[in-house]
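Worksheet: the structure to be examined is printed underneath.
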Amino acid sequence: MNRTLILNHRHIVQTVQRAGLHQFMSELIDRLENAFASYSSNKFDVPIRDGFRYDRPVPGLIEWMPLHDKGQAVFMKAVGYHPSNPIMECLPTVMSSYQLFDPRTGRLVAIADGNLLTAMRTGAASAVATKHLAARRSVSLGLVGCGAQAVTQFHAISRIADIDQVRVFDIDHRNARSLKHRLVPFNERGTRIRQTSLDELLEHSDVICTATSVEVGKGPVIDHQLLMPDVHLNAVGSDLPGKIELPVGLLKNSLVFPDHREQACIEGECQQLSEDEIGPTLPELVASPDFYHGARNQRTVFDSTGFALEDFVALQLLTDHATEFGYGEHVEIDGSVADPFNPYENIHSASESNHYKVITYPL
873 MNRTLILNHR HIVQTVQRAG LHQFMSELID RLENAFASYS SNKFDVPIRD GFRYDRPVPG
933 LIEWMPLHDK GQAVFMKAVG YHPSNPIMEC LPTVMSSYQL FDPRTGRLVA IADGNLLTAM
993 RTGAASAVAT KHLAARRSVS LGLVGCGAQA VTQFHAISRI ADIDQVRVFD IDHRNARSLK
1053 HRLVPFNERG TRIRQTSLDE LLEHSDVICT ATSVEVGKGP VIDHQLLMPD VHLNAVGSDL
1113 PGKIELPVGL LKNSLVFPDH REQACIEGEC QQLSEDEIGP TLPELVASPD FYHGARNQRT
1173 VFDSTGFALE DFVALQLLTD HATEFGYGEH VEIDGSVADP FNPYENIHSA SESNHYKVIT
1233 YPL
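Just so you know, we're using this note's numbering here: the sequence shown kicks off at 873 and counts up by one.
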């Protein structure tokens, strides 16, 4: 009998708690780094994402992000971006779901809530980039934008670097004030976390993560004049044409590493650059770290648009642990028939054998 594994938010929370939040994040970083190192078009087909952008009933978008692990699996992520969610609906800005298919049959193997995994894999990708590009292992971290993603950026980077101080800035001062409390579970070293001006953050941070919901046409969100000469930036918030966080002057004077080149040229920071101004991708960097070691001595940017390989790796890690711990529900979604050429077989057999109870209601 073919059953589909269902992992809802409760199952995912149970799985991550059982594995240990720090351990799960560290494993995710390691697996993602390994996936980047072995990534090639011979093994994976990862098209750029596509979808619908709209203004009604509220401004937002829903996109699909496919991946083909050739001969092994087909993965699909559906993701929505709605900046009004936290205030209007008490929901995350980014909401998503994951689906995994068997390429031999097309059968749905697994489906999972993607909200937590999306946040964690985005942080994990920044951690991989920071590990390979930051000039120092002990870093002063700056967080521009203090929403949900700031939490996983700090958490992930704390797994690969010693953070001696954190400066935070948000145009909504309430978010900046509350971030310190949201970071308490990950601040085992008692790192000092300060709400500062944007100028102070830029001047004194050697790793900066920008994770904002800046509107299309309203960027950039920082000025590059005060930055350290060897600063590393993880630019997370750009995910639409016309939506940017970093000034073009900074990009043109930095080595820019996109996660997915074609996608970043459409909706990442790379949309501001010509092809010859864009550096290698993050997978190329991870595959040949010695070749790009000199990048640590100059300004670097990780242009993080988020692509399906990261989600695929996150789902694999989740299902491995969920299966080990016995979490999730197995549901027969597809059903099965004795005659695959007769789509009505079960309907007829149900009425004849009363296998299914039919309930009728009076008009």
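Cβ coordinates follow ideal geometry from the N, Cα and C atoms, glycine included.
In this structure, L1055 and L1074 do not form a Cβ contact; the two beta carbons are roughly 20 Å apart against a cut-off of 8 Å. In the structure shown, the three-state DSSP call for D1206 is coil.
The C-beta distance from F1174 to G1151 rounds to 10 Å, too long to fall under 8 Å, and the pair is not in contact.
Taking a C-beta distance under 8 Å as the contact criterion, E905 and V1158 qualify as a contact pair.
P958 sits in a helix when the DSSP states are folded into three classes. Less than 8 Å separates the beta-carbon of L1187 from that of L989.
In the structure shown, Q889 adopts helical secondary structure according to DSSP, grouped into three states. DSSP places L1015 inside the beta strand (DSSP E), whose first and last residues are 1010-1016. Taking the CA atoms as reference points, L1145 sits about 14 Å from E1117. For the stretch 1083-1162, the continuous alpha helix (DSSP H) assignments of 4+ residues that do not extend past its boundaries occur at 1120-1124, 1133-1139, 1154-1159, in sequence order.
Taken in chain order, the unbroken stretches of beta strand (DSSP E) that lie wholly in the stretch 1050-1084 and span 3 residues or more are 1064-1067, 1079-1082. Residue state for R1039 is assigned as strand, using DSSP reduced to three classes. If you look at K949, you'll find it in the beta strand (DSSP E) that goes 945-953. Around the beta carbon of R1066, fewer than 16 other beta carbons lie within 10 angstroms, which makes this residue exposed. Below 8 Å, too few C-beta pairs join the stretch 968-979 and the stretch 1006-1023 to call them touching: fewer than three. Put simply, the backbone Cα of H1202 is about 18 Å away from that of F947. In the structure shown, T990 adopts helical secondary structure according to DSSP, grouped into three states. Judged by DSSP secondary structure, Q971 falls within the beta strand (DSSP E) whose first and last residues are 966-973. In its chain, beyond the 5 residues on either side, L980, V1203, I1205 have a beta carbon closer than 6 Å to the beta carbon of T876. Within the model, the alpha-carbon separation for F1179 versus K1003 is close to 19 Å. Counting the other CB atoms within 10 Å of its CB gives M992 a total of 16 or more, which places it among the buried residues. Around the beta carbon of T1082, 16 or more other beta carbons lie within 10 angstroms, which makes this residue buried.
Judged by DSSP in its simplified three-state form, D917 adopts strand.
A straight-line Cα-Cα distance of about 16 Å links Y926 and A950. If you draw a straight line from the Cα of V1088 to the Cα of R1171, it is about 25 Å long. Taking C-beta atoms as the reference points, D985 and L879 count as a pair closer than 8 Å. Residue pairing for T1172: DSSP places it in a beta bridge opposite H1104, L1127.
The C-beta of D1034 has fewer than 16 other C-beta atoms within 10 Å across all chains shown, which makes the residue exposed.
Apart from the 5 residues on each side of it in sequence, T1177 sits with its Cβ closer than 8 Å to the Cβ of S1110, D1111, P1130, D1131, H1132, Q1135, A1136, E1139, G1140 in its chain, given in chain order. Listed as beta-bridge partners of P938 by DSSP are M948. Using a 10 angstroms sphere on the CB of N1169, the tally of other CB atoms stays under 16, which defines it as exposed.
Per DSSP, reduced to three states, the secondary structure at I1029 is helical.
Distance from the Cα of T994 is smallest, within the candidate group Q1025, T977, A891, A982, for Q1025.
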